[in-house]
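Numbering (my numbering), first residue to last: 5 to 407.
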């Protein structure tokens, strides 16, 4: 079956910029369909006439700026990937785009990275073939957070004696905040030469004033406003499990150079569940009902949704530009045998940590079924890791008690 031709719309009020993009991609990516618009209104008109996979917009445009345009694209066409390509912009403009843009690129752009980002966007769309499921992840970037997190964060940010460690420790307990702030700190707008992987790193790099502006801005308050409580979804328990998973995954990979990616992947590995709770609480309740009747969790999700929470979460993080190791770990955390790693890496570490965080006494099983709540004894023996299990179980007990 032939793959559909990727179609991307570029929006910029400077014709020279659009011509440059056309020359670059026309020569290097002849199979892509490229369209151009000189204003936000022209872009919205084009979107009504043709189907697009990706919209790439400048921010600083007259009449309708990029943040306003992408907000409209999000409302009207939530399944389209939304990217920003812009020069210097004010912090307030950047913060306005956080809820509506999936990734940020800066002018002048680096051609290889520019093409790579677009390719990844096209590939991500192909992972979830159903436009309804793509729209589920593409709607407003709002995920539920427990109110206690905001109360503690506001109190800490108001305290002149608060340290980076204090603020980072609060943020790392919250999946949604961690994901958004790490994403923002790593974006091209802040020009960081290396990637930020932890909430502490995001706080240290962005600074308290930026953190305060981001977290307390109206857009992000709306983004993270908790939904109506449900007996089928305990956000605070999910956060506790995420914190335990993150710390244990980093310990499992201590000394390998992969610890920070493992921590980040552990923090956000259940972001797909947050997504379902925020967007489709009725379907999530049906999934839980099937689970209580004895249907395996992954089978229940596929029956109700046609996709698993792990796949949805990985798709969302891919849209946000998270590292491939993190995306893969999230996608495979309940199916570690899908991992192609011939050694202990981020995906397997998160898979092990997620099970032990829920139950430090999780049993070993020979070749467990996909999604089983057990450790794969065959795989651990093959990799020579069974001798480390006692240490991991002990650390999981300690971390669980502390959180």
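Backbone N, C-alpha and C fix where the C-beta goes; we use that ideal spot for every residue, glycine too.
Sub-9 Å separation of residue i and residue j beta-carbons
{"i": "residue 269", "j": "residue 350", "result": "yes"}
{"i": "residue 41", "j": "residue 13", "result": "yes"}
{"i": "residue 203", "j": "residue 188", "result": "no"}
{"i": "residue 71", "j": "residue 104", "result": "yes"}
{"i": "residue 353", "j": "residue 262", "result": "yes"}
{"i": "residue 237", "j": "residue 281", "result": "yes"}
{"i": "residue 399", "j": "residue 273", "result": "no"}
{"i": "residue 264", "j": "residue 325", "result": "no"}
{"i": "residue 256", "j": "residue 356", "result": "yes"}
{"i": "residue 39", "j": "residue 11", "result": "yes"}
{"i": "residue 271", "j": "residue 286", "result": "no"}
{"i": "residue 323", "j": "residue 389", "result": "no"}
{"i": "residue 321", "j": "residue 330", "result": "yes"}
Helix, strand or coil at residue i [DSSP, three-state]
{"i": "residue 86", "result": "strand"}
{"i": "residue 13", "result": "strand"}
{"i": "residue 178", "result": "coil"}
{"i": "residue 369", "result": "strand"}
{"i": "residue 109", "result": "strand"}
{"i": "residue 41", "result": "strand"}
{"i": "residue 237", "result": "strand"}
{"i": "residue 379", "result": "strand"}
{"i": "residue 33", "result": "coil"}
{"i": "residue 271", "result": "helix"}
{"i": "residue 228", "result": "Note that residue 228 scores 49 on pLDDT, short of 50, meaning its location in the model is unreliable; the coordinates nonetheless yield the value given after this. Residue 228 falls in the coil class under three-state DSSP."}
{"i": "residue 409", "result": "Beyond the ends of the chain as shown, which are 5 and 407, falls residue 409; an answer cannot be given."}
{"i": "residue 21", "result": "helix"}
{"i": "residue 184", "result": "helix"}
{"i": "residue 98", "result": "helix"}
{"i": "residue 277", "result": "helix"}
{"i": "residue 54", "result": "coil"}
{"i": "residue 385", "result": "helix"}
{"i": "residue 158", "result": "helix"}
{"i": "residue 165", "result": "coil"}
{"i": "residue 201", "result": "coil"}
{"i": "residue 260", "result": "coil"}
{"i": "residue 135", "result": "helix"}
CA-to-CA distance, residue j to residue i, given in whole angstroms
{"i": "residue 62", "j": "residue 114", "result": "16 Å"}
{"i": "residue 319", "j": "residue 128", "result": "6 Å"}
{"i": "residue 291", "j": "residue 298", "result": "11 Å"}
{"i": "residue 77", "j": "residue 173", "result": "35 Å"}
{"i": "residue 372", "j": "residue 380", "result": "6 Å"}
{"i": "residue 406", "j": "residue 210", "result": "28 Å"}
{"i": "residue 434", "j": "residue 55", "result": "Nothing about residue 434 can be reported from this structure: the residues present for the chain run from 5 to 407 only."}
{"i": "residue 259", "j": "residue 369", "result": "28 Å"}
{"i": "residue 15", "j": "residue 307", "result": "40 Å"}
{"i": "residue 279", "j": "residue 316", "result": "8 Å"}
{"i": "residue 410", "j": "residue 391", "result": "No statement about residue 410 is possible, as the shown extent of the chain runs from 5 to 407 and does not include it."}
{"i": "residue 86", "j": "residue 239", "result": "28 Å"}
{"i": "residue 156", "j": "residue 124", "result": "37 Å"}
{"i": "residue 243", "j": "residue 23", "result": "47 Å"}
{"i": "residue 45", "j": "residue 58", "result": "17 Å"}
{"i": "residue 37", "j": "residue 162", "result": "50 Å"}
{"i": "residue 276", "j": "residue 69", "result": "31 Å"}
{"i": "residue 110", "j": "residue 118", "result": "10 Å"}
{"i": "residue 65", "j": "residue 98", "result": "14 Å"}
{"i": "residue 21", "j": "residue 89", "result": "10 Å"}
{"i": "residue 363", "j": "residue 47", "result": "51 Å"}
{"i": "residue 3", "j": "residue 241", "result": "Because the chain in this structure spans residues 5 to 407, residue 3 falls outside the shown range and cannot be described."}
{"i": "residue 164", "j": "residue 181", "result": "21 Å"}
{"i": "residue 19", "j": "residue 135", "result": "32 Å"}
Host alpha helix (DSSP H) of residue i (start-end)
{"i": "residue 171", "result": "168-175"}
{"i": "residue 78", "result": "70-80"}
{"i": "residue 289", "result": "285-296"}
{"i": "residue 361", "result": "350-362"}
{"i": "residue 305", "result": "301-309"}
{"i": "residue 330", "result": "328-335"}
{"i": "residue 67", "result": "Element bounds for residue 67: n/a, residue is neither H nor E."}
{"i": "residue 397", "result": "393-406"}
{"i": "residue 321", "result": "313-323"}
Residue range of the beta strand (DSSP E) that includes residue i
{"i": "residue 59", "result": "58-61"}
Exposure of residue i, with buried meaning 16 or more beta-carbon neighbours within 10 Å
{"i": "residue 106", "result": "buried"}
{"i": "residue 223", "result": "Summary for residue 223: the model assigns pLDDT 43, below 50, so the residue's position carries little reliability; its value from the coordinates is reported in the next sentence. Buried is the call here."}
{"i": "residue 403", "result": "buried"}
{"i": "residue 245", "result": "buried"}
{"i": "residue 328", "result": "exposed"}
{"i": "residue 53", "result": "exposed"}
{"i": "residue 17", "result": "buried"}
{"i": "residue 365", "result": "exposed"}
{"i": "residue 213", "result": "exposed"}
{"i": "residue 177", "result": "buried"}
{"i": "residue 75", "result": "buried"}
{"i": "residue 35", "result": "exposed"}
Distance cut-off 8 Å: residue i Cβ against heavy atoms of the ligand GDP
{"i": "residue 130", "result": "Looking for the ligand GDP in the displayed structure turns up nothing, as the structure carries no ligands at all."}
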